[in-house]
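The numbering used here puts the first residue of the sequence shown at 1319, with every later residue one more than the last.
Data block below; observations after.
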Amino acid sequence: MEQSGDVGGQWLYDPGTDGRVPSSVYACLRLLSPREAMGFSDFEFLPRAGAGRDPRRFPGHREVHSYLRDFCHAFGLMDAVRLNTRVLRVAIADPTSAATRQWAVRSVRRLGGTEDDAREEEEVFDAVVVATGQYSQPMLPSGIEGMAEWRLRQLHSHSYRTPEPFRGEAVVVVGCRDSGKDIALDLCRVAREVHLAASSEAAAPTPAVSKMLANHGDVLRLHPRVRRLHADGRVWFEDGSSVVADTVIYCTGYGYSFPFLDTGGAVTVGDGDCVVGPLFEHVFPPSLAPSLSFVGVPRKVLLPWFFEAQARWVAQALSGRRALPPEAEMLRAVEEHFRAREAAGEPRKHTHHYIGGIDYGDLTPMEDWKKELVLSSMASMSDDLETFRDRADDSENVRKGVRRWRGGLAAQAQDKTVAAAAEVEGDWQAMAKKERNSSTELNCTSSSISEGMFNVLTSHLN
Ligand SMILES: Cc1cc2nc3c(=O)[nH]c(=O)nc-3n(C[C@H](O)[C@H](O)[C@H](O)COP(=O)(O)OP(=O)(O)OC[C@H]3O[C@@H](n4cnc5c(N)ncnc54)[C@H](O)[C@@H]3O)c2cc1C
């Protein structure tokens, strides 16, 4: 069930900015991760010919959307997706029956895609997989005084699309992670002044931020954390300095939110909307497993590799091919995870960050050249954010790997021919089913990225 009119999730760019738009993607967004490492294991993210396609290694967001659509069509998934269908409530169907747990799911479907013509219905299902993403619920900073009194424009990056509305303005960008830096650079093209506020960066800018400042020194300034907003437009920073601004943009991240989910307290969101739990291996709530599961909760992990592995595990648990440990054991594992993170000095709100060492199993390992490409891309990104996507300095190992990978184009072209032939014969469904079965067989080799490499990859991701 998908509330939007198309598949794609975050990658379904929406120029609208009202609070109900799920996507936080802005117009200039290009991938941070190389496409070679961003495909699902049974459907590579190869460059494709065609109008509107973007063959670059780090393509714009529309190319990811096209890829996801290609994926759905190749596996016949669109038959299973109900578009324009928003889930309103998920609750245990009969709380008095512990023997057979089922879920009552209430949803509203916009017929013809409009709000005026909507039909609400409730159905009962054996299982629910929550995969509603983690980039739609803006998180605002708590430590800035005067936000309520500020009369000028303030918005979260969730609602930022293009720099044009800020032409000629002085803009303060709060937060210096990926979106903060991206949006600051985008604004530099049209704004009068861009003030990037970032506590740690201001003390010791990374090479990438230093280069940004050197390249855009006429417009861009770096400041420490924002302390106070004043109603007259003055913004005060922690070091006592201030600027007069027209707009403040908060690039301060997102919280988890499952407003439709009623588990009677078995699953909660806490620690400032940063922790969902209890979740065994960040997927299954022990008391409701396997009929309730979550795919896509972890942060700062290798994507989509990690979420694909989770999805496969859920499919195996639901189809009975892989058993879960008893409830008490799962709960113990969750508590152990909390204790270990605490002992390592990790704040509780980072519970779902950088979680290496989990073996979800059953996923083809990432080839060496791809790992090398991911790591070298990250190193280039931390060196120069503005040029890393267009560098051409692959090692011989990566060049060879890319050549082999692109060779797969021929195979895909062949698949396409087969698909077209099957369609002509009116046998598309049968072919998609066959394709699904054979890809399952192909991917049943149990292996994973080695833990050491995984940790290296993930810790470099952000
Ligand atoms: C600005 C930005 C830049 C990013 N850059 C990269 C990058 O370079 N590389 C990378 O790998 N990842 C990147 N990501 C992360 C990437 O977008 C996510 O990891 C990915 O979209 C996760 O997919 P998902 O299906 O879990 O969630 P989403 O893509 O968020 O999809 C969730 C879906 O659930 C739907 N939904 C929510 N609630 C309901 C409901 N009640 N009823 C019905 N449907 C509902 C939403 O409409 C949405 O379609 C970026 C994210 C953002 C925001």
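Using N, Cα and C, we set each Cβ at its ideal position, and we do this for glycine too.
Open item on the list: So if DSSP puts aspartate 1580 in a beta bridge, which residue, or which two residues, is it bridged to?
Closed with: Sequence index remark: in the sequence shown, residue 1580 carries index 262 (1-based). Bridge partners of aspartate 1580: Ala1409.
Task: Where the beta strand (DSSP E) containing isoleucine 1676 begins and where it ends - done: Your numbering for residue 1676 matches position 358 in the sequence shown. Note, isoleucine 1676: premise wrong, no beta strand (DSSP E); not H, not E.
Open item on the list: Can you look up glutamine 1472 in the DSSP assignment and give me helix, strand or coil?
Closed with: Position 154 of the sequence shown, counted from the start, is the residue given in the question as residue 1472. It is a strand residue.
Open item on the list: As a quick exercise: from Ile1501, Gln1452, His1548, His1513, pick the residue whose alpha carbon is nearest that of threonine 1480.
Closed with: As a position in the sequence shown, residue 1480 is number 162, starting the count at 1. Nearest of Ile1501, Gln1452, His1548, His1513 to threonine 1480, Cα basis: Ile1501.
Open item on the list: Once the 5 residues before and after valine 1632 are set aside, which same chain residues still bring their CB inside 7 Å of it?
Closed with: Along the sequence shown, read from residue 1 onward, the residue named residue 1632 stands at position 314. Counting only Cβ-Cβ distances below 7 Å, and skipping sequence neighbours, we find Val1447, Val1601, Ser1611, Val1613.
Open item on the list: Please report the straight-line C-alpha distance between glycine 1464 and valine 1561, rounded to a whole angstrom.
Closed with: Along the sequence shown, one-based indexing puts residue 1464 at 146. Along the sequence shown, one-based indexing puts residue 1561 at 243. Distance between the alpha carbons of glycine 1464 and valine 1561 is about 15 Å.
Open item on the list: Within the continuous beta strand (DSSP E) that includes arginine 1424, where are the two ends?
Closed with: To locate residue 1424, count along the sequence shown from 1; it is residue 106. Unbroken beta strand (DSSP E) run through arginine 1424: 1421-1428.
Open item on the list: Between leucine 1606 and alanine 1584, how many whole angstroms is the CB-CB distance? I'm expecting something under 8 Å.
Closed with: Against the sequence shown, residue 1606 aligns to sequence position 288. Against the sequence shown, residue 1584 aligns to sequence position 266. Confirmed, about 6 Å.
Task: Residue from Pro1604, Ser1700, Leu1579 with nearest C-alpha to leucine 1406 - done: As a working note, residue 1406 is residue 88 in the sequence shown. Of the listed residues, the one whose Cα sits closest to leucine 1406 is Leu1579.
Open item on the list: Is the beta carbon of aspartate 1336 closer than 9 Å to that of methionine 1457?
Closed with: Locating residue 1457 in the sequence shown gives position 139, where the first residue counts as 1. Locating residue 1336 in the sequence shown gives position 18, where the first residue counts as 1. The answer is no: Cβ separation not under 9 Å.
Open item on the list: Tell me which residues share the same chain as aspartate 1444 and place their Cβ nearer than 7 Å to its Cβ, disregarding the 5 neighbours each side in the sequence.
Closed with: For the purposes of this step, residue 1444 is identified with residue 126 of the sequence shown, where counting begins at 1. Gln1420, Ser1609.
Task: First through last residue of the beta strand (DSSP E) which encompasses serine 1611 - done: Position 293 of the sequence shown, counted from the first residue, corresponds to residue 1611. Note, serine 1611: beta strand (DSSP E), 1610-1612.
Open item on the list: What does the alpha-carbon distance come out to for the pair aspartate 1434 and serine 1497?
Closed with: The residue labelled residue 1434 in the question sits at position 116 within the sequence shown. The residue labelled residue 1497 in the question sits at position 179 within the sequence shown. Whole-angstrom Cα-Cα distance: 35 Å.
TODO: Report the rounded CA-to-CA distance for glutamate 1753 versus alanine 1516, giving the unit in angstroms.
DONE: For this step, residue 1753 is matched to residue 435 along the sequence shown. For this step, residue 1516 is matched to residue 198 along the sequence shown. Its pLDDT being 37, under 50, glutamate 1753 is placed unreliably in this model, and the value from its coordinates should be taken loosely. Those two C-alpha atoms are separated by around 49 Å.
- [ ] Confirm the yes/no value for this check: CB of proline 1261, any heavy atom of ligand 1, distance under 8 Å.
- [x] Lying before the first or after the last residue shown, residue 1261 is absent from the chain, which here runs from 1319 to 1780.
Task: Contact the region 1682-1696 vs the region 1343-1361: 3+ CB pairs below 8 Å - done: yes
Open item on the list: Could you compute how far the alpha carbon of glutamine 1328 sits from the alpha carbon of tyrosine 1453?
Closed with: Indexing the sequence shown from 1 puts residue 1328 at position 10. Indexing the sequence shown from 1 puts residue 1453 at position 135. In a straight line, the C-alpha of glutamine 1328 is about 8 Å away from that of tyrosine 1453.
TODO: Could you spell out the range, first to last residue, of the beta strand (DSSP E) harbouring phenylalanine 1389?
DONE: One-based indexing of the sequence shown puts residue 1389 at position 71. Not the beta strand (DSSP E): phenylalanine 1389 falls in the alpha helix (DSSP H), residues 1379-1392.
TODO: Give a yes or no on contact between the region 1619-1630 and the region 1653-1666, applying the rule of three or more CB pairs nearer than 8 Å.
DONE: no
Task: Option in Leu1364, Arg1404, Val1527 with minimal Cα separation from arginine 1322 - done: In the sequence shown, residue 1322 corresponds to position 4, counting from 1. The residue you asked about is not arginine; residue 1322 is serine in the sequence shown. Serine 1322 has its Cα closest to that of Arg1404, out of Leu1364, Arg1404, Val1527.
Task: Nearest residue (CA-CA) to valine 1490, options Ser1477, Glu1467, Leu1514, Cys1506 - done: Taking the sequence shown and counting its residues from 1, one reaches residue 1490 at position 172. Of Ser1477, Glu1467, Leu1514, Cys1506, the residue nearest in Cα terms is Leu1514.
Task: Simplified DSSP state of glutamate 1438, which is helix, strand or coil - done: To locate residue 1438, count along the sequence shown from 1; it is residue 120. It is a strand residue.
Open item on the list: Let's test the definition: count the other Cβ atoms within 10 Å of the Cβ of glutamine 1747 and tell me whether it reaches 16, buried, or not, exposed.
Closed with: Reading the sequence shown from its first residue, position 429 is the one you call residue 1747. Residue placement at glutamine 1747 cannot be trusted, given a pLDDT of 41 that sits under 50; the coordinates are not used to answer.
Open item on the list: Quick check on valine 1508: does DSSP put it in helix, strand or coil?
Closed with: Counted from its first residue, the sequence shown places residue 1508 at position 190. Coil.
- [ ] On the DSSP bridge assignment, give the partners of valine 1553 in chain order.
- [x] Within the sequence shown, residue 1553 is the residue found at index 235, counting from 1. Paired residue(s): Leu1547, Val1561.
TODO: Within the same chain, show all residues whose beta-carbon is closer than 6 Å to that of methionine 1699, passing over the 5 residues directly before and after it, in chain order.
DONE: For the purposes of this step, residue 1699 is taken as the residue at position 381 of the sequence shown. Cβ neighbours of methionine 1699 beyond the five flanking positions: Phe1706.
Task: Pick from Ala1355, Pro1333, Cys1346, Tyr1331 that is closest to valine 1692, judged by C-alpha positions - done: The residue you call residue 1692 lines up with position 374 of the sequence shown. Here the closest residue by C-alpha is Ala1355.
Task: Proximity of valine 1619 and isoleucine 1673 at Cβ, strictly below 9 Å - done: Start at 1 with the first residue of the sequence shown, and residue 1619 comes out as number 301. Start at 1 with the first residue of the sequence shown, and residue 1673 comes out as number 355. Contact flag set, yes.
Task: Counterpart residues of isoleucine 1567 in DSSP-defined beta bridges - done: Within the sequence shown, the letter at position 249 stands for residue 1567. DSSP output for isoleucine 1567 lists Leu1473, Val1491 as bridge partner(s).
Open item on the list: Tell me the DSSP secondary structure of leucine 1538 in three-state form.
Closed with: Here residue 1538 refers to the residue found at position 220 of the sequence shown. Reduced to three states, the DSSP call for leucine 1538 is strand.
TODO: Indicate whether valine 1325 and leucine 1386 have their beta-carbon atoms separated by less than 9 Å.
DONE: Residue mapping note: residue 1325 aligns to position 7 of the sequence shown, counting from 1. Residue mapping note: residue 1386 aligns to position 68 of the sequence shown, counting from 1. Yes. Within cutoff.
Open item on the list: Relative to the C-alpha of aspartate 1711, which candidate in Leu1703, Asp1701, Arg1721, Ser1694 has its C-alpha closest?
Closed with: On the sequence shown, position 393 is the one that residue 1711 refers to. The candidate whose alpha carbon is nearest that of aspartate 1711 is Ser1694.
Task: Residues near proline 1459 by beta carbon distance below 6 Å, same chain, minus five either side - done: Residue numbering aside, residue 1459 sits at position 141 when the sequence shown is read from its first letter. Thr1570, listed in sequence order.
Task: Backbone CA spacing between leucine 1401 and glycine 1451 [nearest angstrom] - done: As a first step, residue 1401 is located in the sequence shown; it is residue number 83 there, counting from the start. As a first step, residue 1451 is located in the sequence shown; it is residue number 133 there, counting from the start. Rounded to the nearest angstrom, the two C-alpha atoms are 16 Å apart.
Task: Buried versus exposed call for threonine 1565 [16 or more other C-beta atoms within 10 Å across all chains shown] - done: Taking the first residue of the sequence shown as 1, we reach residue 1565 at position 247. Result: buried.
- [ ] Would you mind reading off the limits of the beta strand (DSSP E) that contains valine 1594?
- [x] Here residue 1594 refers to the residue found at position 276 when the sequence shown is read from its first residue. First-last of the beta strand (DSSP E) with valine 1594: 1593-1595.
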